[in-house]
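J.: To start, I am sharing the structure in question, which I have written as structure tokens.
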Amino acid sequence: MTEEFVRQNQKGYDSGHDWWHIMRVRKLALFINEKESLADPFTVEITALLHDTADSKFASGNSEQGYELIRDFMEKGGMSDIMDRVLNVIKNVSFSNKNKTGNTDDPLLLVIQDADRLDAIGAIGIARAFNYGGFRNNPIYNPPDKEDEKSTIGHFYNKLLKLKGMMNTPTGCKIAEERHKILEKFLEQFYEEWEYGLIKL
Ligand code: ADP
Ligand code: NI
């Protein structure tokens, strides 16, 4: 039931935020939670499924409408008891959300946030970044400015490479170590190929 609701709402998002992102976050969150026993698995699963439903980047810039949709869905689905907790996590999970309110120490938030951030790094993270950049028609790279705000390579420096140091849980940290190495390897190869382009044989 929750799956169907999320599927319907996720349509129209870019494919880096699609149903499969939700599936990966669910799997990662349940895995981290199993290792660390931080919250009840059902609540973890529901929150992972709903975590992007109200994303303001896609919900016509209006998160409130998304929250209302989730509230309505949870009440009808007999989940009123966990509704406030789930909504608090959804409101605080985003990297870009700077006006954090409510309880930011909830272990449930720590798990979901790690899972969501892990999906932004590693091979899948790279694929998602360029997919998002394409969706916005951003340049791949604006040399020589590696931290350029607009380019997708810039996004690596402004966000992706920082995520490893922002993990909340030891399990998240471990997975992030591996995925971070993939980002570094990718950048190394990227610049190497970029330079080759300048060599006349
Ligand atoms: P959050 O929902 O945690 O704030 P975002 O929605 O900003 O995260 O990011 C979701 C995905 O889109 C991530 O994989 C992220 O790397 C990618 N993304 C976001 N902004 C950019 C950007 N400017 N360039 C490339 N990828 C981006
Ligand atoms: Ni997400």
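In terms of the working numbering, the sequence shown is numbered consecutively and its last residue is 222.
Backbone N, C-alpha and C define an ideal beta-carbon position, used for all residues, glycine too.
All values derive from a computational prediction rather than experimental measurement.
Here's a check: name, in chain order, each residue in its chain whose Cβ is nearer than 8 Å to the Cβ of P62, leaving out the five neighbours to either side.
T.: L51, N54 and E55
J.: Could you give the C-beta distance for L70 and E24, rounded to a whole number, given that I count them as a contact under 8 Å?
T.: 7 Å
J.: Roughly how many angstroms separate the alpha carbons of I67 and T74, rounded to a whole number?
T.: 12 Å
J.: Please confirm whether K180 has its beta-carbon closer than 8 Å to some beta-carbon of chain B.
T.: Among the protein chains of the structure shown there is no chain B, as only one such chain exists.
J.: Can T64 and V114 be called in contact, C-beta distance under 8 Å?
T.: no
J.: Expressed to the nearest angstrom, what Euclidean distance is found between the alpha-carbon atoms of M187 and D137?
T.: 12 Å
J.: Check the C-beta distance from K180 over to A197 and give it rounded, since I have them as a contact under 8 Å.
T.: The pair is not a contact, with the Cβ atoms about 13 Å apart (cut-off 8 Å).
J.: Any idea if S172 is buried or exposed, counting beta-carbon neighbours within 10 angstroms, 16 or more meaning buried?
T.: buried
J.: Give the straight-line distance between the Cα atoms of S77 and N158, rounded to the nearest whole angstrom.
T.: Interpretation of S77 is limited by its pLDDT of 48, a score under 50 that renders its predicted location unreliable; the figure taken from the coordinates is listed afterwards. Cα-Cα distance, rounded: 19 Å.
J.: Can H42 be considered in contact with the ligand NI, in the sense that its beta carbon sits closer than 7 Å to one or more heavy atoms?
T.: Yes, the ligand NI has a heavy atom inside 7 Å of this Cβ.
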